[in-house]
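Numbering of the sequence shown is given in the numbering used here, commencing with residue 15 and proceeding in unit increments.
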Amino acid sequence: MPKPLASVDTTVCWPKGRPDGQDLSMLRTEIKSSGVLLYSKTLRLNKRFGGGTQFVPHHVKATNANFKNPTNPRNAMSRTKLMQMNESLEVHESQNRSSEESRGKGGDGELEGVFEWMEEEDFYLASANYTQDLGINLTSEHRGTEAKRRVSLAQTESQGVLQLFNFDHPGMVSFNLQAVLDHNSFEMRTQMGFGPFNSEQKKIKLVDIVNQFAVVLHALPWLSAASRKEAIHALQNSRPDVLPTTLKPGTTVGIHNRFFKQYLNIWGDLTVHSSGTHAFETAFDPHWIWERFTVIDAGNGEIALHHQRSNSFLGVNAHGAYAIYAAAAQLPAPWLDQRFEVVTISNGYFGLFNRHSKNYLSIGDNHGTYLFHSPTKDLPPGHTHQQFRAHLVEPLLKPGAIVALYNNIHHRYVRMNHADMEVSHVHLHPTDFHHTWHAEQFVVVDAGNGEIALFSWRFNRFIMMAAEPNVHVFGHVASSEVRAGSDDLPDWWIY
């Protein structure tokens, strides 16, 4: 067998000075097989200090050292005990910080956002096969943006699993070894065979890269719990996406601004604003109906954002951001204001760039919006008003689900009766629904572009809204002609 079949090297550079010309802290992961590099990714500290760098007591850690006792000595201990001890210390430090802040000693949150990590452009990814003579041949090799694109495709098509090398040995007694990277988990997958019989594939977890770094970071005596937590968080959430997977066409998302920590929204008068302040990590409230957008494929590598509540598209022009009425499935080709290129920044952040006007959508003060003009799509560092993350929102009506439509005002269900649509008798509470009420049951069908259709499995018809004047006022609802099944929805049926 080749030696070593697999090796993982983790490098932490957190210098108190600047050794070897390194002026920024760094976390690097390298995976090799038989000494051949297959994967390399570097996270570098982009911002070390914030505004609060004064020499005040809670920023200073006193220590003494001499030739017998080095600075901050640490006794040897096991990996597990080290992590357990430091986890308890983190809780203690966090409680102390909270206590200081409540007494007005925390500097008004001066440590918040002090540590920002960015992904380096020297990202490297390769795949290899072992030959019968135990030689290793690279089958693919990607660097920089192309490597990120390969990882992004793996995340969307193969649940994030990357195959780094494959070792296949045929014969009467056969075996197959695969080394894969499942996000931060480096695994070996094995399968044995004897003649026509094969065993089930077994997964062997070799190392969790984040835990590997956590052990090293916990052992650094001068490292605070806050900075260690930020570094580990950056490792856990570092996925080099060409297009964030949360912005897949058809998904429902909330667009959260990095600087103001507010969600983009559109009001009933079609003006564009931002919400109140909410942390991205907290759950997206199901009552936030003005912050929901459907991602639409606008072609040519661009997307459009359709606002569900106002039935409008988000757009930008020389006067700023605005919205315009249109159904999600009806984005006219000449509408260039409504098309955005998603410019990936790092760690899930992106910018929304309009190629036509060469403007970035931006969140401003007082819950307003403005545009940042850029001749190119390159966003200068530090421009966080233009940086967003997408919060994936679970749809209320999931394709394949069987639902009933209940009106809370009139206490009635919508029901189908062959070619007609009607309402049920009064039922004071939706929990009164009985499973034998088939006319009130509808199958949710994926109609594309984030839209759905409702199909009655009892009568093999779709619910439709007839095209007539003032239909949005009077709401004339009917049933379609009989179809073969829920998957028999013609593309041109927009009603």
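Just so you know, even glycine gets a beta-carbon here, dropped at the ideal spot from N, CA and C.
Measuring only the C-alpha atoms, how far is residue i from residue j?
{"i": "N198", "j": "S438", "result": "53 Å"}
{"i": "H287", "j": "N331", "result": "15 Å"}
{"i": "L51", "j": "I45", "result": "6 Å"}
{"i": "K329", "j": "E305", "result": "The identity of residue 329 in the sequence shown is Gly, whereas the question assumes Lys. So the two alpha carbons sit approximately 15 Å from each other."}
{"i": "P235", "j": "K243", "result": "14 Å"}
{"i": "L393", "j": "Y138", "result": "24 Å"}
{"i": "N380", "j": "S289", "result": "10 Å"}
{"i": "L385", "j": "G378", "result": "9 Å"}
{"i": "T308", "j": "W451", "result": "32 Å"}
{"i": "S113", "j": "A240", "result": "Note that S113 scores 49 on pLDDT, short of 50, meaning its location in the model is unreliable and no value can be drawn from it."}
{"i": "S388", "j": "A453", "result": "56 Å"}
{"i": "G118", "j": "D222", "result": "Because G118 carries a pLDDT of 43, less than 50, the predicted location of this residue cannot be relied on, and the following value inherits that uncertainty. Between G118 and D222, the C-alpha separation is close to 39 Å."}
{"i": "R272", "j": "I280", "result": "18 Å"}
{"i": "L13", "j": "A498", "result": "Residue 13 is absent from the model: the chain starts at 15 and stops at 509."}
{"i": "S470", "j": "D311", "result": "29 Å"}
{"i": "D460", "j": "P18", "result": "49 Å"}
{"i": "W506", "j": "V491", "result": "18 Å"}
{"i": "H247", "j": "F298", "result": "20 Å"}
{"i": "V357", "j": "T383", "result": "19 Å"}
{"i": "R323", "j": "I303", "result": "6 Å"}
{"i": "D23", "j": "R42", "result": "8 Å"}
{"i": "Q226", "j": "L220", "result": "11 Å"}
{"i": "Y374", "j": "K55", "result": "29 Å"}
{"i": "A335", "j": "N368", "result": "11 Å"}
{"i": "Y420", "j": "G158", "result": "52 Å"}
{"i": "T296", "j": "T398", "result": "20 Å"}
{"i": "A193", "j": "S141", "result": "10 Å"}
{"i": "P348", "j": "S48", "result": "55 Å"}
{"i": "T25", "j": "I359", "result": "24 Å"}
{"i": "S494", "j": "R472", "result": "13 Å"}
{"i": "H321", "j": "P263", "result": "14 Å"}
Starting from residue i, follow the alpha helix (DSSP H) in both directions and report where the run begins and ends.
{"i": "N361", "result": "Per DSSP, N361 belongs to no alpha helix (DSSP H) and is neither H nor E."}
{"i": "Q226", "result": "223 to 232"}
Over what stretch of residues does the beta strand (DSSP E) that includes residue i continue unbroken?
{"i": "F456", "result": "456 to 462"}
{"i": "I246", "result": "First-last for I246: 239 to 250, but that is the alpha helix (DSSP H), not the beta strand (DSSP E)."}
{"i": "I466", "result": "465 to 470"}
{"i": "R42", "result": "40 to 47"}
{"i": "E155", "result": "150 to 157"}
{"i": "Y277", "result": "276 to 280"}
{"i": "S21", "result": "21 to 27"}
{"i": "I338", "result": "334 to 339"}
{"i": "V491", "result": "491 to 493"}
{"i": "T291", "result": "286 to 291"}
{"i": "I477", "result": "475 to 479"}
Using DSSP bridges, identify the partner residues of residue i.
{"i": "D434", "result": "N431"}
{"i": "F386", "result": "Y374"}
{"i": "K216", "result": "T204"}
{"i": "E316", "result": "G313"}
{"i": "K55", "result": "T43"}
{"i": "N180", "result": "N143, Q192"}
{"i": "N271", "result": "F402"}
{"i": "F327", "result": "H320, I338"}
{"i": "N421", "result": "R426"}
{"i": "F367", "result": "E355, Y374"}
{"i": "V50", "result": "S47"}
{"i": "I416", "result": "V457"}
{"i": "S500", "result": "Its beta-bridge partners do not exist; DSSP assigns none."}
{"i": "Y138", "result": "S54, R157"}
{"i": "V187", "result": "F208"}
{"i": "T266", "result": "T308, V407"}
Taking 9 Å as the CB-CB limit, is residue i close to chain D?
{"i": "F307", "result": "Chain labels in this structure do not include chain D; a single protein chain is all it has."}
Spatial neighbours of residue i within its chain, please: CB distance less than 8 Å, with the 5 preceding and 5 following residues excluded, ordered by chain position.
{"i": "F294", "result": "H270, K275, R403, H405"}
{"i": "Q146", "result": "H183"}
{"i": "I508", "result": "A341, A343, Q344"}
{"i": "S213", "result": "Q205, M206, G207"}
{"i": "T291", "result": "F274, K275, Q276"}
Between residue i and the rest of its own chain, which residues show a CB-CB distance below 6 Å, the 5 nearest in sequence each way excluded?
{"i": "Y144", "result": "I150, F181"}
{"i": "K216", "result": "T204"}
{"i": "S21", "result": "K46"}
{"i": "R111", "result": "With a pLDDT of only 48 at R111, under the threshold of 50, the placement of this residue in the model should not be trusted, and no figure is reported."}
{"i": "Q250", "result": "V224"}
For residue i, I'd like the list of residues in its chain whose CB is within less than 7 Å of its CB, leaving aside the five on either flank, ordered along the chain.
{"i": "P409", "result": "T266"}
{"i": "K372", "result": "H387, S388, P389"}
{"i": "L345", "result": "I310, A312, A318, F327, Q352"}
{"i": "S188", "result": "G207"}
{"i": "V496", "result": "N474, R475"}
{"i": "L503", "result": "V459, A461, A467, F476"}
{"i": "G315", "result": "E355"}
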